[in-house]
Amino acid sequence: MWRLEDGSLRLVLSPATYNASALNRVITAVVGGSPVGFDPFAVTTTIGTIYADRLAMHPRHWLVEVVGVIGDEPLAAVRAHLRFLLVER
C-alpha cells in the first residue's frame with residue numbers, strides 16, 4: 015500500500031518488472047474509506063478499503079511512501095474481483 019503525492023492511498027497491482035520498466039508507470043487500485051451502501055468490489059483491510067474496480071495508471075514517481083502491506087486474504091479477494099472484471103469467459 016502506497017501514499018501518492020496528493021495524499022491518497024493506492025494498492026500497487028502491477029508486477030515489479032512492469033513497475034521498473036522504461037515506461038515509468040504503475041497500475042494501482044484506489045484505497046479509501048468504508049463504502050456507502052453495497053459495493054461488490056470493495057475489499058476491507060486494516061489500512062483502508064480497496065476498490066478493485068477503480069483502477070489507474072500513473073507515473074511511478076507519484077508513489078512517495080509505503081504505508082503498509084495487506085495480507086494474503088485481502089489480496090486474494092482483490093485478485094478474484096480483477097479476474098471477474100478483466101477476463102473474458
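Each residue of the sequence shown is one higher than the one before, starting from 15 at the first, in the numbering used here.
Glycine included, every Cβ here is placed at the ideal spot set by N, Cα and C.
Cutting at 7 Å between CB atoms, please list the residues of its own chain near residue i, excluding the five before and the five after it.
i	result
Arg68	Ala43, Val44
Pro73	Asn38, Arg39
Buried or exposed for residue i, going by 16 or more other Cβ atoms inside 10 Å?
i	result
His75	exposed
Arg24	buried
Phe55	buried
Met71	exposed
Ala66	buried
Thr31	exposed
Thr59	buried
Gly62	buried
Please work out which residues of its chain come closer than 6 Å, Cβ to Cβ, to residue i, disregarding the five sequence neighbours upstream and downstream, and give them in chain order.
i	result
Ile64	Leu25, Ala43, Val45, Val57, Val92
His95	Phe55, Ala66
Gly82	Met15, Ile61
Measure how close the beta-carbons of residue i and residue j come, nearest whole angstrom, since I'm counting them as under 8 Å.
i	j	result
Glu19	Val78	6 Å
Ser48	Val40	With a Cβ gap of about 25 Å, Ser48 and Val40 do not count as contacting.
Which same chain residues, not among the five before or five after residue i, have their C-beta less than 8 Å away from its C-beta?
i	result
Leu99	Phe55, Ala66, Asp67
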